[in-house]
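Everything below concerns the one structure shown next.
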Amino acid sequence: MRIIDKTAAQVRSLTPAEEELLAGFASGNLAGPRLLQANQLLMKVRSANQWLACDCRKDALPVLNVTLNGNTGTLFLKNNPGTAEHAPGCPFTKDEREEAEREAQPTTPAAWLAPDTPLRLIGDFAKASDNPAGSGEGSERREQQRLLSLLLTWLETSGLNLYATHLKKDLTAQFAELRSVASRYPLLERVPASNYLETRLDMKHMMMLKARLREATVFGNHRRHGLMLDCVEQIRGRKLFNNRSEDGFDFQGHHLYWGGSRTSGPLLALALYSPATAGSHFYELIHVASVPVLSRAHLFPVYRDEEREPLKALVSLIDWMASKGVKVQMRRPVIGGQVMDELVLTSDQDRVLSVSLLEQPLGPEPDAENFKRFADFKSLETFRKYVAGFFMRER
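Per this note's numbering, the sequence shown starts with residue 885, numbered consecutively.
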């Protein structure tokens, strides 16, 4: 076993005693001073932004990273995705449950969160007297899911899932709407989320939020936490990337994504910002929830990558129809809809057209007379002509 940096260059080999210590840690056999020793060693590796490489194979190096559970403050070893499997019998052999835990998303669908009710997005740190056996796993999963529900609720409440030419807003106004909605959602009793929300993900704004959180007295005995909201280019592995930082920003917890499928950016991302361990003054991004959006300038939610081009064409078409005196609104339900890929277009409340832009159907088709699939048309131009004709004939 050796320590490597993230370019795969060797830092040093572990001593036999250190290897024995980590093998015991991986199998869960340590307690007392030995467990403390293992945690100290792993924390040094993690703090130096390094990985562990296992020597159990001669042809390839299985690589592990030291991960911190942001809710419980405990360290554990995780095999890096895409690296070699450990040799049979290796104490660091990948647990089959690990992949499932990494990919599994909460089964509970995103739900509307009522305003003026404490969100409780992250649990308090466990006390020494608490039972460490996974009794908190269910509540931790619910806390994670609430972050995605909150992002979708804010999108819908702020009207960003509705497009109409006369309602068009620039990016500053769109974020202003989101901040306004956030003021109705308390993190804890009498702690509005907007007081501890930054809408720009960079080191400067993270430090500003950290300073406010460290000086805050409103959290009492509860874990201090805030929120970072921004439009990012992509989320890859455990990093958020935007156009202001090539290195990206690490997060320690889970990535929750709308619709149960990863989609490329741009993405509207909402991240929890908090110390990862009790008593720490080091703040980190913990869990992240994301929703794909049409562009960096237009935060309209997108269900799948394949929707982007026809959706841009629809936006352009709605603007053209508005120039001809026909006002059409396009709405995407993000919470509670039976068919999340459905777009509902309405004109002066007298004509309604429901469309799906996906090639393959998702679930049952809506039981509506005026429902069309983009995939059924020969080309984007044919689709545009149909939609324009639907709303403009006999005008």
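C-beta atoms are modelled at their ideal positions from N, C-alpha and C, and glycine is treated no differently.
Evaluate residue i with the Cβ neighbour count: other Cβ atoms within 10 Å of its Cβ, from every protein chain shown; 16 or more gives buried, anything less gives exposed.
i	result
Ala1160	buried
Lys1240	It is worth fixing the name first, because residue 1240 is Ser in this sequence and not Lys. Its Cβ being crowded by 16 or more others within 10 Å, Ser1240 is buried.
Leu926	buried
His1165	exposed
Thr899	exposed
Gly1273	exposed
Glu1040	buried
Glu1099	exposed
Val895	exposed
Met1091	exposed
Arg1277	exposed
Gly1110	buried
Pro1194	buried
Asp1114	buried
Ser1329	No information on residue 1329 is available, as it lies outside the stretch 885 to 1279 that the chain covers here.
Glu969	exposed
Asn1045	buried
Asp1225	buried
Asn1126	buried
Ser1042	buried
Glu1082	buried
If residue i sits next to residue j, beta carbons under 8 Å apart, how far is it from one beta carbon to the other, in whole angstroms?
i	j	result
Arg1188	Leu1242	6 Å
Arg1107	Asp1008	5 Å
Gly1149	Val1186	Going by Cβ atoms, the distance from Gly1149 to Val1186 rounds to 10 Å, so no, they are not a contact pair.
Glu1073	Pro1002	5 Å
Val880	Asn964	The chain is shown from 885 up to 1279; residue 880 falls before or after that span and cannot be answered.
Met1205	Phe1275	6 Å
Ile1006	Ser1158	6 Å
Leu1055	Ala1181	5 Å
Leu1156	Ile1170	4 Å
Asn923	Leu959	6 Å
Leu997	Leu1154	The Cβ separation is near 12 Å, so there is no contact.
Could you give the residue range of the alpha helix (DSSP H) that holds residue i?
i	result
Asn923	Gly916 to Ser931
Lys1268	Before going on, a small fix: residue 1268 reads as Arg here, not Lys. Where Arg1268 is concerned, the enclosing alpha helix (DSSP H) stretches over Leu1264 to Met1276.
Pro1194	Arg1192 to Ser1207
Pro1176	Where Pro1176 is concerned, there is no enclosing alpha helix (DSSP H), although the beta strand (DSSP E) it sits in stretches over Tyr1167 to Pro1176.
Met1087	Met1087 to Glu1099
Glu904	Pro900 to Ala910
Arg1327	Only positions 885 to 1279 of the chain appear in this structure, which leaves residue 1327 out of reach.
Please list the terminal residues of the continuous beta strand (DSSP E) segment that includes residue i.
i	result
Gln894	Gln894 to Ser897
Met1214	Val1212 to Arg1215
Lys1280	The displayed coordinates of the chain run from 885 to 1279. Any statement about residue 1280 would go beyond what the structure contains.
Pro1159	Leu1151 to Pro1159
Met1112	Gly1110 to Val1116
Arg886	Arg886 to Ile888
Ala998	Premise fails: Ala998 is in no beta strand (DSSP E) and is neither H nor E.
Ala937	Trp935 to Ala937
Thr1230	Glu1226 to Ser1231
Asn1105	Premise fails: Asn1105 is in no beta strand (DSSP E) and is neither H nor E.
Val1239	Arg1235 to Ser1240
Tyr1080	Element bounds for Tyr1080: n/a, residue is neither H nor E.
Asp1131	Ser1129 to Asp1134
Pro1070	Pro1070 to Leu1072
Leu1124	Lys1123 to Asn1126
Asn913	Element bounds for Asn913: n/a, residue is neither H nor E.
Leu959	Leu959 to Asn963
His1139	His1139 to Tyr1141
Would you be able to state if there are at least three C-beta pairs under 8 Å between the region 908-920 and the region 938-947? Pairwise C-beta distances place the region 938-947 out of contact with the region 908-920, as fewer than three of them are shorter than 8 Å.
Is the region 1195-1214 touching the region 1119-1127 in the sense that three or more CB pairs, one from each, lie closer than 8 Å? no
So, does the region 1035-1052 touch the region 1135-1154, judging by three or more C-beta pairs under 8 Å? yes
For the structure I just gave you, are there three or more beta carbon pairs, one from the region 1087-1101 and one from the region 1062-1073, closer than 8 Å? no
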